[in-house]
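This report refers to the structure that appears directly beneath it.
Residue numbers (our numbering): 243 to 385.
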């Protein structure tokens, strides 16, 4: 586990989180971006603190700096996530990446609309939402 771990995540949830970090890091490197990634022993290293918090990924190219915060079904609406996104949004372009599907009991649901509503409620109008399937690695950066 990296320095920025959320204590509310179960061991299985942390594995899903780390899988999503890895999938996104590899995808962005394949597109030519420079990537720093927390949690996964990334060869280029982990991001430093931004306004007191360590993001899951920072991504750069010649004209952009983007912060990615990866959340699981159990953490996308908690106070820690709100605090992180608020801190990161002050620095630059920020994404929250969530699983493409969550489940409660035996019911599966799409968390995107809830996350978008959370961002509005938190006053974070420029944070973008994306999804990543923690099992297949399918990524959608703009949902």
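Each residue gets a CB set at the ideal place from its N, CA and C atoms; glycine is no exception.
Which residues DSSP lists as bridging residue i, in chain order
| i | result |
| --- | --- |
| residue 276 | 302 |
| residue 370 | 337 |
| residue 351 | 344 |
| residue 295 | 292 |
| residue 384 | For residue 384, which the question treats as bridged, DSSP gives no partner whatsoever. |
Residue i: CB within 7 Å of a non-hydrogen atom of the ligand MN
| i | result |
| --- | --- |
| residue 325 | Absence of the ligand MN from the depicted structure is noted, as is the absence of any ligand whatsoever, leaving it without description. |
Rounded distance between the beta-carbons of residue j and residue i, thought under 8 Å
| i | j | result |
| --- | --- | --- |
| residue 275 | residue 303 | 5 Å |
| residue 373 | residue 340 | 6 Å |
| residue 336 | residue 355 | That belief does not hold up - the Cβ atoms of residue 336 and residue 355 are roughly 19 Å apart, past 8 Å. |
Three-way DSSP call (helix, strand, coil) for residue i in this model
| i | result |
| --- | --- |
| residue 360 | helix |
| residue 265 | helix |
| residue 310 | strand |
| residue 257 | helix |
| said: When you compare the region 256-264 with the region 371-380, are there three or more beta-carbon pairs, one atom per stretch, that lie closer than 8 Å? | reply: yes
| query | So does the region 279-298 actually touch the region 314-321, counting three or more Cβ pairs closer than 8 Å? | reply | no
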